[in-house]
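Position in the sequence shown (from 1) plus 2 gives the number in my numbering.
Glycine residues also receive a C-beta, built at the ideal position from the N, C-alpha and C atoms.
Note sheet for the following structure.
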Amino acid sequence: MAEKTNTIITIGRQYGSAGREIGDKVADHFGIKLYDEEMLDVAAKESGICKEIFETHDEKPTNSFLYSLVMDTYSMGYSSNTFSEMPINHKVFLAQFDAIKKIAEEGPCILLGRCADYALENYKNVVNIFIHASLDARIRRIARIYDYTDAKAKDVILKTDKKRASYYNYYTNKKWSDATSYDLCLNSSALGVEGTVQAIVDYVKRHESIENPVL
3 MAEKTNTIIT IGRQYGSAGR EIGDKVADHF GIKLYDEEML DVAAKESGIC KEIFETHDEK
63 PTNSFLYSLV MDTYSMGYSS NTFSEMPINH KVFLAQFDAI KKIAEEGPCI LLGRCADYAL
123 ENYKNVVNIF IHASLDARIR RIARIYDYTD AKAKDVILKT DKKRASYYNY YTNKKWSDAT
183 SYDLCLNSSA LGVEGTVQAI VDYVKRHESI ENPVL
């Protein structure tokens, strides 16, 4: 029987660190849903923008619009007319943030990547986690999963991490992979997948006991 939690868990991860596998196992432990690409499904459904457009822009930075303009629009609210006149990059960004908030309001879950920690920064019941691993361990994992050479695996890892970092650093006021940007950072190559899962479970339980002390 799954252990109950009231916490929303966001997970940032280096490519090849087993972040998705770890997230799935934590979700199974607590009996909650994990959202990865599923966030794009919600954003597409709610916004009416086709999913392929979200996939094209998924965790990819863009310099085609001013960040400050987008955030001003987001924080002040926007009318349907304003939204319809926006460039597609604006729409994707805002729709995804709205989708993350909508998912979070439905209850405890796990959100993988896509600046979910930033979108939910004003929510109290959120734990933000970053999973990293040694480059050698990540190369071995990606080479095994996708049948890549070590050189190919390394190239894909470095490019994917650069893309994720650029996206996160561009859209948030924090720095991707910096410990100060998260509540908990874990090395999955040191702890192993199961050890990392247990560390997250223990942290979430401890966090909830502090937030809701037994009097």
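- Between residue 49 and residue 97, is the Cβ-Cβ spacing less than 7 Å? yes
- Item | Closest Cα partner of residue 139 within the set 17, 26 and 42 | 17
- Item | Residue interval of the alpha helix (DSSP H) (run including residue 58) | 53-59
- Task: Specify the secondary structure class of residue 117 as computed by DSSP and reduced to three states.
- Result: coil
- Query: Nearest-angstrom Cα distance between residue 115 and residue 134?
  - Reply: 13 Å
- Query: From 103, 132, 37 and 45, pick the residue whose C-alpha is nearest to that of residue 170; which is it?
  - Reply: 132
- Item | residue 99 beta carbon near the ligand NAP (any heavy atom closer than 6 Å) | The ligand NAP is not among the ligands present in this structure, which contains no ligands whatsoever.
- According to the neighbour-count rule (16 or more other Cβ atoms, all chains shown, within 10 Å of its Cβ), is residue 149 buried or exposed? exposed
- Can residue 112 and residue 11 be called in contact, C-beta distance under 7 Å? yes
- Residues bridged to residue 128 (per DSSP): 10
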